[in-house]
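Student: Before we start, here is the structure in question, set down as structure tokens.
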Amino acid sequence: MKNIKQKKRVLILGLGQFAKGSGISAALYFARLGHSIRVTDQKSEHDLAANVKRLKRFKNVVFVLGRHRLSDIRWADIIVRNPRVRPDSPEMVLASRLGKQVESDVSLFLKNCPCPVVGVTGTRGKSTTTGLIGDMLEKSGFRTWIGGNILVSPLTFASKVRAGDKVVLELSSWQLESTGLLGQSPHIAVITNLMRDHLNSYENMEAYAEAKAQIFRHQKPNDFLVLNSNDLFCKKFAPEAPSEVLFFGADKKNDAVLTKDFLVWKDRGSAKKLIRLERKRLKLMGDHNALNVLAAGLTARLAGANWQAIKRSAVSFKGLENRLETIRVWNGITFINDTTATTPDATIAALKALKPKFKKIHLLMGGTDKVLEFDGLAKELKPANVSISVFEGTAYEKVAKALKKRGIPFYKANSLRAAF
């Protein structure tokens, strides 16, 4: 990473609680360079104890916790915004009015990374696809770094990246808002899909989609954009891209095709050969995961992976935590953790993956209302052999209403013990 030689006043706007998150990673990065640091967060020192402890050894770090102050915005030369601090917050509105330099951990990394970067976004599947691409590149012999929205800031490994390495970043809509404002896009961009989500943070679906679109808006003609041909928003994005577009999905004209029995990639080499892989060899369950593997193989090949490694990774990759993860089999009951399925669409995809394998399913659901509709999920549950427990939470009333409308019985649960 190129150091900022002149000492600056740096405001870390949102420290966060994750050990390798954006806030703490940016704070450590600038603190080690000797800049004057102020760290603010709306959470208390007690809530942030672990990360605060790591920074207290630096004499150039000052804490303002439990609040954000507009005076700190005026003080700062550089503001590093946590992705969860919204662009329309009073702090960011003032920063924009004053013409302050606003960065994120990802934007700082992209400015200084010595090798091309692969960026992956989407509503569902971005973590799995990111992990797969990284695994395919590693199995091809490349030193590979994986970070971003998977709770590992790229600043944690920034000083170790070399020109011949590979970097794969999972990028959320919030992270892409920051990089988009600075005119940054990765060399290879992937959009797995776009579904209704985060509408408690965005005015409408179009605003959410535009945040995701920042992953390719600032690409160049020699860059690549990998899109899902099954997705309406992805189809809309294709003619808007300044880069070369490649498609994956069910369409036989795609660069990578998913059929009933095979994953098929069209090699871009001189031989123009087809690379086939039987779907039954995949360890990952469901059509959605088959599409993730398809997208990952296409992208990894663009990034330099060989086909042998791509296929080896595809058939050995077991998935990530919290994503259709089998956590235990007890007394003939299989317990599956799919807690990243935080939208109705994701839950529907999970049910479709599980129904062929299990005669009976007990679904535990509920949580925070993200301004989403549940009628489609209720419709999917109606003919299914699924018993349901709904946890109390801000989404409970909407979920209950959708289920009652279709005459679907369910249990109201206020604890995990009660759900069983």
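Going by the working numbering, the first residue of the sequence shown is number 60, and it counts up by one from there. Heads up, the beta-carbon is just placed ideally off N, CA and C, and yes, glycines get one too.
List the residues that DSSP assigns as beta-bridge partners of Ser302.
Tutor: DSSP output for Ser302 lists no bridge partner at all.
Student: Relative to the alpha-carbon of Pro468, which residue among Val449, Leu475, Leu413 has its alpha-carbon at the smallest distance?
Tutor: Nearest option by C-alpha distance: Val449.
Student: Could you give the distance in angstroms between the alpha-carbon of Asn263 and the alpha-carbon of Ala270?
Tutor: Rounded to the nearest angstrom, the two C-alpha atoms are 11 Å apart.
Student: Using only the alpha-carbon positions, how far apart do Thr399 and Gln65 sit?
Tutor: Answer to the nearest angstrom: the Cα atoms are 42 Å apart.
Student: Quick test of your reading: Lys377 and Lys411, contact by CB under 8 Å. State the CB separation rounded to the nearest angstrom.
Tutor: With 8 Å as the limit, Lys377 and Lys411 do not qualify as a contact, their Cβ atoms being about 20 Å apart.
Student: So Gly43 is in the beta strand (DSSP E); what residue range does that whole segment cover?
Tutor: Here the chain covers residues 60 to 479 and nothing more, so residue 43 does not appear.
Student: For Ala108, count neighbouring C-beta atoms within 10 Å of its own C-beta (all shown protein chains included) and say buried if the count is 16 or more, exposed if not.
Tutor: With fewer than 16 other Cβ atoms within 10 Å, it is exposed.
Student: Report, in whole angstroms, the separation of the C-beta atoms of Leu258 and Leu431, which I expect to be a contact under 8 Å.
Tutor: 6 Å between Cβ atoms; contact.
Student: In the DSSP assignment, find the alpha helix (DSSP H) that holds Asn348 and state where it starts and stops.
Tutor: Asn348 -> alpha helix (DSSP H) spans 346-361.
Student: Which runs of the alpha helix (DSSP H) at least 4 residues long sit entirely within the stretch 149-228? Give them in chain order.
Tutor: Counting whole runs of 4 or more residues, the stretch 149-228 contains the alpha helix (DSSP H) stretches 149-156, 164-171, 185-198.
Student: Does the separation of the CB atoms of Glu150 and Ile137 fall below 9 Å?
Tutor: It is not a contact, given that the beta carbons lie outside the stated cut-off.
Student: Go to Asn110, then tell me how far its beta strand (DSSP E) extends in each direction, as first and last residue.
Tutor: Where Asn110 is concerned, there is no enclosing beta strand (DSSP E), although the alpha helix (DSSP H) it sits in stretches over 108-114.
Student: Below 8 Å CB to CB, which residues in the same chain sit around Ser166 once its five sequence neighbours on both sides are set aside?
Tutor: Excluding sequence neighbours, Ser166 sits near Ser237, Thr238, Leu241, Gln243.
Student: Determine the contact status of Trp366 and Asp326, defining contact as a CB-CB distance below 9 Å.
Tutor: Contact flag set, yes.
Student: Let me check one thing: in DSSP terms, what residues is Gly308 bridge-paired to?
Tutor: According to DSSP, Gly308 bridges with Val316.
Student: Assuming the contact rule is C-beta atoms closer than 8 Å, Thr406 and Arg255 should be a hit. Round their C-beta distance to whole Å, please.
Tutor: No, Thr406 and Arg255 are not in contact; Cβ-Cβ is about 12 Å, not under 8 Å.
Student: Report the residue from Gly93, Asn110, Glu451 whose alpha carbon sits nearest the alpha carbon of Gly82.
Tutor: The residue with the shortest Cα to Cα distance from Gly82 is Asn110.
Student: Below 9 Å between beta carbons: does that hold for Lys464 and Asp428?
Tutor: It is not a contact, given that the beta carbons lie outside the stated cut-off.
Student: Quick check: what's the CA-CA separation for Gln278 versus His347?
Tutor: Each residue's alpha carbon lies about 27 Å from the other.
Student: In the DSSP assignment, the beta strand (DSSP E) including Leu124 goes from what residue to what residue?
Tutor: From DSSP, the beta strand (DSSP E) with Leu124 extends over 120-124.
Student: Give the range of the alpha helix (DSSP H) segment to which Glu439 is assigned.
Tutor: 434-440 is the extent of the alpha helix (DSSP H) around Glu439.
Student: Can you list, in chain order, the residues of its chain with a C-beta nearer than 7 Å to that of Leu72? Leave out the 5 residues immediately preceding and following it.
Tutor: Cβ within range, chain order: Thr99, His127, Ile138, Val139, Arg140, Asn141, Val144, Glu150.
Student: For the alpha helix (DSSP H) holding Lys464, just list the boundary residues, first then last.
Tutor: Where Lys464 is concerned, the enclosing alpha helix (DSSP H) stretches over 455-464.
Student: Alpha carbon to alpha carbon, what distance is there between Tyr455 and His94?
Tutor: Near 47 Å, if we compare the C-alpha coordinates of Tyr455 and His94.
Student: Between Gln234 and Gly190, is the Cβ-Cβ spacing less than 9 Å?
Tutor: Against a cut-off of 9 Å, the Cβ pair of Gly190 and Gln234 comes out as no contact.
Student: Out of Ser218, Ala222, Leu210, state which residue places its alpha-carbon closest to the alpha-carbon of Leu228.
Tutor: Answer by Cα proximity: Leu210.
Student: With DSSP collapsed to three states, give me the class of Met60.
Tutor: At Met60, the pLDDT of 46 sits below 50, so the modelled position is not reliable; the number obtained from the coordinates is stated separately. Coil at Met60, not helix or strand.
Student: Are at least three pairs of beta-carbons, each pair with one atom in the stretch 173-185 and one in the stretch 243-253, less than 8 Å apart?
Tutor: Taking 8 Å as the limit for Cβ pairs, the verdict is that the stretch 243-253 does touch the stretch 173-185.
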